[in-house]
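In our numbering, the protein residues as written are 1020 to 1182.
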């Protein structure tokens, strides 16, 4: 088979679904990174703020790391930066003095509101002009994908596959 035929065939093939999903995610994160830069935040710093804001109770470092998808040692520097900026504080856990609970400060809650506004603006621009039925289908499809990916994660853990 000639290289021009192979090139044409390769150009017309659909990418693997997972590859496309990763590309969409990477591009979305890049867009958000640019938009949140003026707030002095990166992907690494705004996500922990959101998880702390959404939590029903204070989280410790390990719990926050699990929610953000990082290991605790990687998150320590991020938490240090957020604490230095006055966006969160560490507080001794009354039940276990060895643990520190992470809480948003008032300034942290205000920052989450600013981030939320930036995210909503970017999302509105992304979805502008799309039919509401298409948006609902996309949302339902993404929710289903998320559920299935979580199930695969649990299956891998149960089978002892390292994360």
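For every residue, glycine included, the Cβ atom is placed at its ideal position computed from N, Cα and C. Remember, it's a predicted structure, so these values are computed and weren't measured experimentally.
Backbone CA spacing between residue i and residue j [nearest angstrom]
i, j, result
"residue 1167", "residue 1160", "11 Å"
"residue 1105", "residue 1126", "7 Å"
"residue 1119", "residue 1143", "38 Å"
"residue 1066", "residue 1056", "13 Å"
"residue 1163", "residue 1089", "23 Å"
"residue 1078", "residue 1050", "28 Å"
"residue 1171", "residue 1178", "10 Å"
"residue 1032", "residue 1069", "38 Å"
"residue 1074", "residue 1136", "19 Å"
"residue 1076", "residue 1037", "34 Å"
"residue 1154", "residue 1044", "17 Å"
"residue 1041", "residue 1048", "10 Å"
"residue 1175", "residue 1150", "37 Å"
"residue 1133", "residue 1060", "11 Å"
"residue 1099", "residue 1064", "10 Å"
Those residues which DSSP pairs with residue i across a bridge
i, result
"residue 1156", "None; residue 1156 has no bridge partner."
"residue 1078", "1121"
Under the three-state DSSP convention, the category residue i falls into
i, result
"residue 1048", "helix"
"residue 1109", "strand"
"residue 1060", "coil"
"residue 1121", "strand"
"residue 1043", "helix"
"residue 1090", "coil"
"residue 1142", "helix"
"residue 1102", "helix"
"residue 1116", "coil"
Buried versus exposed call for residue i [16 or more other C-beta atoms within 10 Å across all chains shown]
i, result
"residue 1046", "exposed"
"residue 1039", "exposed"
"residue 1130", "buried"
"residue 1094", "buried"
"residue 1026", "Residue placement at residue 1026 is poorly supported in this model, since its pLDDT is 47, which falls under 50; the coordinates are not used for a value here."
"residue 1145", "exposed"
"residue 1180", "exposed"
"residue 1097", "buried"
"residue 1152", "exposed"
"residue 1114", "exposed"
"residue 1020", "Residue confidence for residue 1020 is low, a pLDDT of 47 falling below 50, so the modelled location carries little weight; the figure read from the coordinates is stated next. Residue 1020 should be labelled exposed."
"residue 1157", "exposed"
C-beta neighbour in chain C for residue i, strict 8 Å
i, result
"residue 1069", "The displayed structure is made up of one protein chain only, and chain C is not part of it."
Nearest candidate by alpha-carbon position, reference residue i, set the options
i, options, result
"residue 1011", "1111, 1138, 1147, 1113", "With the chain covering only 1020 through 1182, there is no way to say anything about residue 1011."
Residue i beta carbon near the ligand NAP (any heavy atom closer than 7 Å)
i, result
"residue 1167", "Inclusion of the ligand NAP in the displayed structure is not the case, the ligand content being empty and no account of it being possible."
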